[in-house]
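Student: So for the sequence shown, the working numbering puts the first residue at 15; every next one is plus one.
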Amino acid sequence: MASSGYRVALVITADDVLLGRLRADIFDGDPDSAAAAVDLDRPVAEVMEPGPSTLRPHETTATVRARLQDRGLTYALVTDPDGRLLGTVHRGDL
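Here you go:
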């Protein structure tokens, strides 16, 4: 994540099914705080956010823009009905 410039990584299966989201901030922080950085030897499944919210590709641009704006989001994940990741849509691109 550090070299990509993104603060999030998506966790998918070999068949591209979206399982969760891993935020970079779990690696940050004061080691003595309650929000201490995670042990890097823990499995991703233990530290990811499972089942993130997604959109379907049939939704209109206006609907997606409104949803992102109403929720204060900068992007959304797009999956098919089987949960396969198709991509992301960014508010700035709409």
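Idealized CB from N, CA, C, for every residue including glycine.
With distances taken from CA atoms, which of 55, 21 and 57 is nearest residue 12?
Tutor: For the chain, the structure presents residues 15 to 108; residue 12 sits outside this window and is missing.
Student: Assuming residue 99 contacts residue 36 (C-beta within less than 8 Å), just tell me the rounded distance between them.
Tutor: Contact doesn't hold; Cβ gap of about 14 Å is too wide.
Student: If we ignore side chains and look at the alpha-carbon of each, how far apart do residue 76 and residue 58 end up?
Tutor: 35 Å
Student: Find the nearest neighbour of residue 104 within the set 34, 55, 30 and 86, judged by alpha-carbon distance.
Tutor: 86
Student: For residue 146, which three-state DSSP category applies?
Tutor: Here the chain has residues from 15 to 108 only, and residue 146 is not among them.
Student: Roughly how many whole angstroms lie between the Cα atoms of residue 101 and residue 29?
Tutor: 14 Å
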